[in-house]
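Structure first, commentary second.
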Amino acid sequence: MNLHYIYDPLCGWCYGAKPLVQAAQTVLPVISHGGGMMTGANRQTVSPQLRNYVMPHDRRIAEFTGQPFGEAYFEGLLRDETAVFDSTPPIAAVLAAEQIAGRGLELLGRLQTAHYLEGRRIADEAVLLELANAIGLEQQVFQSAFQEADTERHIKASRALLANVGGQGFPTFALEHSGQFTLIDIGPWLGKPEDFAAWLSQSLPAQASATEFQACGLDGCIH
111 MNLHYIYDPL CGWCYGAKPL VQAAQTVLPV ISHGGGMMTG ANRQTVSPQL RNYVMPHDRR
171 IAEFTGQPFG EAYFEGLLRD ETAVFDSTPP IAAVLAAEQI AGRGLELLGR LQTAHYLEGR
231 RIADEAVLLE LANAIGLEQQ VFQSAFQEAD TERHIKASRA LLANVGGQGF PTFALEHSGQ
291 FTLIDIGPWL GKPEDFAAWL SQSLPAQASA TEFQACGLDG CIH
């Protein structure tokens, strides 16, 4: 049995679900799929409008999940009008880390912390190389894998999987057993990673009931 995790590195709810992913990894294999929420025409340069849009949603995510958002993010990155929010480079970095060391999810978690807590520009290649090196990935090997990552094809495949399992946005979690997928509603478990891991360890219902949890949409976080 595998747990499939369809995410985006710039999705606030995915950052909110980070402890659940880490807890799930203690129970079963977790396979990540980058969905490309802010790619192509959906890339955005930071602006006052973007800041005013995301801040109340991020504060709600913090309240709902207990995940910390830093002042370096709110008062630094979200005021840096030279910064660009682009999902493609960090997804490529996660693919590279997974390919060379099986550590894609570990790097994703580091990138999420860098973005939401430290206010780092995780669409910048230099930042991605620094963060990969900081977790022990050899720089030249990582850089080569990063540059060769077929990120566009990966994003298309992730979107196809999202549609196949019936997900509506990011994050989406689905259990795969014998080729069959079961969509999981993580709403009841946000902020409760130990309980989530315990639940995964038990026999799972075919479909969790809906809650007020709202995911990021395919092209942006709409709450």
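Okay, so the sequence shown: first residue is 111 according to our numbering, each after it adds one. A virtual CB, placed ideally from N, CA and C, is assigned to each residue, including glycine. Being a predicted model, the structure only gives us computed values, none of them experimental.
Leaving out five residues on either side along the sequence, give the residues of the same chain with a beta carbon under 8 Å from the beta carbon of residue i.
{"i": "A307", "result": "A133, A134, T136 and V137"}
{"i": "L187", "result": "V156, A193, H225, G229, R230 and R231"}
{"i": "H264", "result": "H143, G144, I201 and L205"}
Pop quiz: residue i and residue j are said to be a contact at Cβ under 8 Å. What is the actual Cβ separation, rounded to whole angstroms?
{"i": "V204", "j": "S142", "result": "7 Å"}
{"i": "L238", "j": "I210", "result": "So it is not a contact: roughly 14 Å between Cβ atoms."}
{"i": "E286", "j": "N152", "result": "That pair is no contact at about 28 Å."}
{"i": "G219", "j": "H167", "result": "No, G219 and H167 are not in contact; Cβ-Cβ is about 21 Å, not under 8 Å."}
{"i": "G76", "j": "I116", "result": "Residue 76 is absent from the model: the chain starts at 111 and stops at 333."}
Using only the alpha-carbon positions, how far apart do residue i and residue j sit?
{"i": "R189", "j": "V156", "result": "7 Å"}
{"i": "P303", "j": "L130", "result": "5 Å"}
{"i": "R213", "j": "L160", "result": "31 Å"}
{"i": "G297", "j": "E235", "result": "33 Å"}
{"i": "I245", "j": "L217", "result": "8 Å"}
{"i": "L293", "j": "A182", "result": "35 Å"}
{"i": "A242", "j": "I201", "result": "13 Å"}
{"i": "N274", "j": "T282", "result": "12 Å"}
{"i": "T261", "j": "P119", "result": "13 Å"}
{"i": "I171", "j": "S197", "result": "19 Å"}
Identify, in the order they occur along the chain, each residue of the same chain with its Cβ nearer than 7 Å to the Cβ of residue i, setting aside the five sequence neighbours on each side.
{"i": "E191", "result": "T155, V156 and S157"}
{"i": "P315", "result": "The pLDDT assigned to P315 is 43, lower than 50, so where the model puts this residue is not dependable; a value taken from the coordinates is nonetheless given after this. Once the five neighbours on either side are set aside, P315 has no close Cβ partner at all."}
{"i": "A206", "result": "F252, A255, F256 and A259"}
{"i": "G276", "result": "L293"}
From the DSSP secondary-structure annotation, give me the bridge partner or partners of residue i.
{"i": "S142", "result": "Y115"}
{"i": "V194", "result": "T155"}
{"i": "E286", "result": "N112 and F291"}
{"i": "C326", "result": "F280"}
Within the same chain, show all residues whose beta-carbon is closer than 6 Å to that of residue i, passing over the 5 residues directly before and after it, in chain order.
{"i": "Q312", "result": "none"}
{"i": "G330", "result": "none"}
{"i": "G327", "result": "G279"}
Is residue i close to chain D? Criterion is C-beta to C-beta, closer than 8 Å.
{"i": "A233", "result": "Among the chains in the structure shown there is no chain D, since it carries only a single protein chain."}
Inset, instruction - Count the CB pairs spanning the region 221–229 and the region 176–183 that are closer than 8 Å, and state whether there are at least three. - result: yes
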